[in-house]
Amino acid sequence: MANIIILLLTTWVVVSGHVHNAVETEMFAIPISPNLFNWTYQEFDQQYRFHASMQGKPELPSWLRYIYSGRHHSGFIFGTPPRGTKQPITLEVIGLNRQDFETRRVLLTLRVQPKQNMARHEVELKIDNLNVEDLLDEHRMTRLKDILRTKLWTESSQDLYATFLASAIDLGARLPLKPSDGEG
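Using my numbering, the first residue of the sequence shown is number 6, and each one after it goes up by one.
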């Protein structure tokens with residue numbers, strides 16, 4: 006037992022220096038992948054597990070969420086910083102390699118910039134037919150906002166941004182009959 010504890014203590018690696026910027030009242034997403042920990046994905050199903058929290062706290066702030074995507078083999082920390090957010094915020098992400106039980110810790114610094122001009126057009130998204138992690142992909146979110154700007158809500162072409170994203174399940178809808186089907 007003592008050998009296992011010593012082994013676990015010797016495999017704890019701390020990586021820091023990752024800085025991310027966000028703007029008050031605008032949704033953002035930070036991808037959490039094995040590359041963040043200098044690991045490579047080796048086709049072992051569910052090889053890595055991640056846990057995110059505020060440094061020195063057991064959880065993330067109430068306006069931040071963490072979601073893991075088995076399909077992408079990575080997770081996302083996402084949310085919308087409220088006005089007056091104290092900064093900088095240091096997030097701690099613990100990564101566990103379930104194949105060899107190596108544990109690594111990454112510190113992420115989140116700098117929240119004040120919003121200069123509040124937008125007149127905000128989008129709150131409740132997702133029924135997609136998985137949330139699909140819209141956390143920056144390209145998909147940009148395409149969705151482009152559709153809103155050009156086809157559905159042309160008055161928002163200059164200042165549209167997302168402020169909220171949640172799945173229908175998180176907001177009280179039923180789970181799929183087969184969990185492997187995903188939410189969308």
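Ideal Cβ placement from N, Cα and C applies to all residues, glycine included.
Keep in mind it's a predicted model, so treat the numbers as computed, not measured.
Asked                                                                                                          : Found
Test item: CB-CB of Glu29 and Gln118 under 9 Å                                                                 : yes
Beta-carbon separation (whole angstroms), Arg116 vs Val24, contact threshold 8 Å                               : 6 Å
Enclosing beta strand (DSSP E) for Glu2 [first to last residue]                                                : For the chain, the structure presents residues 6 to 189; residue 2 sits outside this window and is missing.
Backbone secondary structure at Ala171 - three-state DSSP                                                      : strand
Other residues of its chain near Tyr46: CB distance less than 6 Å, five sequence neighbours each side excluded : Pro39 and His78
Buried or exposed (CB count within 10 angstroms, at least 16 for buried), Glu138                               : buried
Buried versus exposed, by CB contacts within 10 Å (16 or more), Ile152                                         : exposed
Through-space distance from Phe33 to Asn122, alpha-carbon basis                                                : 17 Å
Bridge partners - Met123, DSSP secondary structure assignment                                                  : Paired residues: none, contrary to the question.
C-alpha gap between Pro86 and Leu170, whole angstroms                                                          : 13 Å
Selected residue, minimal CA-CA separation from Leu130, among Lys91, Thr168 and Thr90                          : Thr168
Cutoff 8 Å; reference Leu14; Cβ partners in own chain excluding five residues on either side                   : Confidence in Leu14 is poor, its pLDDT being 41 and thus under 50, which makes the residue's placement too unreliable to answer from.
Three-state secondary structure assigned by DSSP to His144                                                     : helix
Buried or exposed by the 16-neighbour rule on C-beta atoms within 10 Å, applied to Leu157                      : exposed
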